[in-house]
Ligand SMILES: [Zn+2]
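Residue numbers (my numbering): 6 to 410.
Now the structure itself:
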């Protein structure tokens with residue numbers, strides 16, 4: 006009598022590297038799979054085929070899931086409440102964004118069931134794992150309403166790989182804590198994914214979104230030009246979609262550009278192209294041209310923020326200068342007439358020296374360019390009481406060139 010081939014059974018040992026914990030867990034509980042279950046979908050298959058063929062892997066994992074379900078190890082459920090259509094998701098998306106001078110539309114959106122594994126360690130202790138291996142936080146569990154479940158059946162419809170990956174994550178966690186997994190529930194949670202398209206004129210930008218339907222919150226637009234997250238979208242006049250908060254209009258030219266490409270006036274707050282901005286030599290503030298005001302003392306143009314009672318901060322903070330200070334030596338070398346003046350007091354701005362000195366009967370004010378020492382302004386006052394009197398260029402030259410005072 007010819008020998009009948011021995012019935013092929015699957016070895017109750019690790020065969021699938023990616024799902025070895027799951028396989029071991031099920032087989033430990035149910036014993037070797039009966040042929041009728043193991044090969045129901047596709048006939049006898051070798052271990053090698055199960056590992057190497059994705060379709061055979063799926064059939065084998067499904068058989069393991071069914072065996073686990075039949076022995077009460079695994080069941081299925083779904084949250085009692087979750088959206089049945091895209092409408093609530095679309096409503097949230099359309100309500101979330103403001104598009105200046107344009108509109109938004111859904112450019113693809115899918116509602117799919119993703120599996121979450123509810124793992125019971127004992128009667129009261131449970132954890133939840135997604136198929137990407139991550140353990141869900143308490144906030145997510147509450148948001149997607151995983152504590153109100155209704156039973157489901159129909160493992161045939163399950164995404165087998167996803168379900169097994171979620172269980173595998175729970176078993177991996179169990180390994181690290183030495184806690185035994187008593188029971189798992191695969192929960193079909195609705196998940197939304199797609200793209201929202203912002204269109205302004207001929208420009209458009211697609212923003213992908215993805216999240217649990219029960220807890221869906223529209224993602225912010227991440228501005229590619231500034232890195233700012235925003236729900237308010239606009240375009241620059243040179244064709245860039247950006248966060249509206251980061252766009253400003255140049256007061257001089259009307260151009261719409263990114264704020265970082267414009268200068269903001271420290272006095273008025275207005276934005277202008279950099280060529281219409283200047284820097285205050287006293288405060289270093291950037292201000293719009295035309296905003297600087299003249300100091301009544303040194304006649305230099307400064308920010309209004311630098312002025313108190315008509316005088317700029319430099320004029321108010323003159324400090325005594327030692328006779329051997331190199332700045333004094335340099336000024337006398339350039340303008341010998343200064344040598345005869347005593348009690349020097351000096352202040353520096355970004356581009357000028359403001360010098361006051363005393364003569365026998367008079368006081369002198371000289372404003373010199375820091376680079377060239379060119380005289381920008383000169384005035385004279387009586388020592389007491391002294392009202393300053395501006396000097397002409399010729400009068401100033403006479404004082405600066407005079408060899409003795
Ligand atoms: Zn001044």
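Glycine included, C-beta positions come from ideal geometry on N, C-alpha and C.
heavy atom of ligand 1 below 7 Å from residue i C-beta
i	result
residue 319	yes
residue 270	no
residue 252	no
residue 359	yes
residue 255	no
residue 367	no
residue 313	no
residue 228	no
residue 380	no
residue 300	yes
residue 284	no
residue 316	yes
residue 305	yes
Burial state of residue i, where buried means 16 or more other Cβ atoms lie within 10 Å
i	result
residue 182	exposed
residue 335	exposed
residue 288	buried
residue 62	buried
residue 307	buried
residue 305	buried
residue 165	buried
residue 35	buried
residue 377	exposed
residue 193	buried
residue 78	buried
residue 129	exposed
residue 208	exposed
residue 388	exposed
residue 340	buried
Cβ-Cβ distance between residue i and residue j below 8 Å
i	j	result
residue 323	residue 299	no
residue 83	residue 223	no
residue 266	residue 282	no
residue 237	residue 248	yes
residue 109	residue 203	yes
residue 163	residue 191	yes
residue 218	residue 197	yes
residue 317	residue 311	yes
residue 278	residue 261	no
residue 180	residue 26	yes
residue 216	residue 170	no
residue 214	residue 201	yes
residue 354	residue 401	no
residue 386	residue 368	yes
residue 268	residue 254	no
residue 412	residue 195	The chain is shown from 6 up to 410; residue 412 falls before or after that span and cannot be answered.
DSSP state of residue i mapped onto helix, strand, coil
i	result
residue 349	strand
residue 311	helix
residue 27	helix
residue 156	strand
residue 286	coil
residue 185	coil
residue 365	coil
residue 169	helix
residue 3	Not covered by the structure: residue 3. The range shown for the chain is 6 to 410.
residue 355	coil
residue 139	coil
residue 243	coil
residue 149	coil
residue 232	coil
residue 133	strand
residue 306	strand
residue 279	helix
residue 82	strand
residue 265	helix
residue 117	strand
residue 270	coil
residue 91	coil
Spatial neighbours of residue i in its chain, beta-carbon cut-off 7 Å, leaving aside the 5 residues before and after
i	result
residue 384	370, 393, 394, 395 and 396
residue 356	286, 374 and 375
residue 273	293 and 296
Sequence-distant residues of the same chain with beta carbon closer than 8 Å to residue i, five excluded per side
i	result
residue 175	122, 124, 132, 134, 186 and 189
residue 150	84, 85, 86, 87 and 219
residue 332	326, 351 and 358
residue 95	111 and 114
Contact set for residue i: own chain, Cβ-Cβ below 6 Å, skip 5 residues either direction
i	result
residue 239	105, 249 and 252
residue 168	120 and 191
residue 210	203 and 246
residue 406	342
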